[in-house]
């Protein structure tokens with residue numbers, strides 16, 4: 340009764356397919372080589388775990404839409420469950436959170452393991468039983484974005500990458516190689532978001548990527564927080 344009353348009074352609005360589709364469309368616009376994932380998607384084996392959280396539907400859907408057909412989900416961690424019964428902590432920074440995913444990867448011969456935290460804003464990944472750090476994922480994504488856009492001739496002369504002050508200086512070296520400005524901000528993704536807003540307002544820079552070592556990544560300017568769904572798409576493509 341309370342739910343119905345809130346809906347009728349306008350205090351509660353349900354987000355439907357229109358918003359979902361807008362999100363998928365905008366996210367997919369950040370693909371750099373859509374023909375690549377369409378061509379090789381059937382051969383790319385990915386194991387994914389949402390760690391009992393909200394990433395299950397959007398991560399699988401975005402990967403399917405870019406052409407990756409072979410996605411194996413850790414069944415024990417597929418459904419939302421706030422008690423997180425299969426892990427000590429549903430944290431993709433913790434290698435122990437990958438235990439079941441490693442077992443499934445061994446069975447499927449997966450090329451890549453992806454894991455998202457409960458609210459699917461942070462992305463963890465593993466390759467050949469090696470859990471990558473947030474700095475490693477960030478560096479891979481920066482290099483992929485900058486090198487690909489450089490090859491395609493779409494790398495802007497005023498490009499901007501932003502990292503938190505505690506994140507790897509490898510990002511600085513990659514950006515310097517491609518002539519892209521690297522800006523360092525305080526810890527907390529809101530400081531990266533401030534740089535996005537400033538770049539859109541002043542037009543002095545084109546924001547390309549932002550990250551923090553605690554597994555938060557963002558490409559594009561239509562979001563203002565770290566986004567594991569977009570990051571999963573880009574890492575799978577890379």
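In the working numbering, the protein residues as written are 340 to 577. Note that CB positions come from ideal geometry on N, CA and C, so glycine has one too.
Within its chain, find whatever has a CB closer than 6 angstroms to the CB of residue i; leave out the 5 residues flanking it on each side and keep chain order.
{"i": "residue 530", "result": "524"}
{"i": "residue 386", "result": "411, 440, 443, 444, 449 and 452"}
{"i": "residue 517", "result": "485 and 489"}
{"i": "residue 509", "result": "478"}
Considering Cα atoms alone, identify which of the options is closest to residue i.
{"i": "residue 423", "options": "568, 378 and 457", "result": "457"}
{"i": "residue 502", "options": "488, 480 and 494", "result": "480"}
{"i": "residue 511", "options": "351, 474, 459 and 544", "result": "474"}
{"i": "residue 370", "options": "477, 495, 401 and 429", "result": "401"}
{"i": "residue 465", "options": "355, 478 and 431", "result": "431"}
{"i": "residue 470", "options": "477, 383 and 433", "result": "433"}
{"i": "residue 420", "options": "548, 492, 388 and 549", "result": "388"}
{"i": "residue 574", "options": "561, 429 and 477", "result": "477"}
{"i": "residue 459", "options": "570, 346 and 467", "result": "570"}
{"i": "residue 381", "options": "409, 356 and 436", "result": "409"}
{"i": "residue 403", "options": "414, 357 and 367", "result": "367"}
{"i": "residue 384", "options": "455, 467 and 428", "result": "467"}
{"i": "residue 357", "options": "365, 350 and 351", "result": "365"}
{"i": "residue 505", "options": "437, 515, 379 and 522", "result": "522"}
Give the C-beta separation of residue i and residue j to the nearest angstrom, bearing in mind that I take them to be a contact with Cβ-Cβ under 8 angstroms.
{"i": "residue 520", "j": "residue 498", "result": "7 angstroms"}
{"i": "residue 538", "j": "residue 546", "result": "4 angstroms"}
{"i": "residue 568", "j": "residue 398", "result": "6 angstroms"}
{"i": "residue 548", "j": "residue 558", "result": "5 angstroms"}
Buried or exposed: where does residue i fall if 16 or more other Cβ atoms within 10 Å of its Cβ makes it buried?
{"i": "residue 344", "result": "exposed"}
{"i": "residue 341", "result": "exposed"}
{"i": "residue 572", "result": "buried"}
{"i": "residue 507", "result": "buried"}
{"i": "residue 374", "result": "exposed"}
{"i": "residue 493", "result": "exposed"}
{"i": "residue 346", "result": "exposed"}
{"i": "residue 416", "result": "buried"}
{"i": "residue 515", "result": "exposed"}
Considering only residues of the same chain and omitting the five flanking positions on each side of residue i, which have a CB-CB separation below 8 angstroms?
{"i": "residue 418", "result": "391 and 395"}
{"i": "residue 377", "result": "405 and 406"}
{"i": "residue 348", "result": "none"}
Please go through the same chain and pick out, in chain order, the residues whose beta-carbon is closer than 7 angstroms to the beta-carbon of residue i, but skip the five residues on each side of it.
{"i": "residue 528", "result": "551, 555, 564 and 565"}
{"i": "residue 577", "result": "479, 480 and 483"}
{"i": "residue 372", "result": "487 and 576"}
{"i": "residue 495", "result": "545"}
{"i": "residue 447", "result": "384, 386 and 411"}
In this structure, does DSSP put residue i in helix, strand or coil?
{"i": "residue 395", "result": "helix"}
{"i": "residue 493", "result": "coil"}
{"i": "residue 428", "result": "coil"}
{"i": "residue 465", "result": "strand"}
{"i": "residue 499", "result": "strand"}
{"i": "residue 549", "result": "strand"}
{"i": "residue 523", "result": "strand"}
{"i": "residue 529", "result": "helix"}
{"i": "residue 438", "result": "helix"}
{"i": "residue 471", "result": "coil"}
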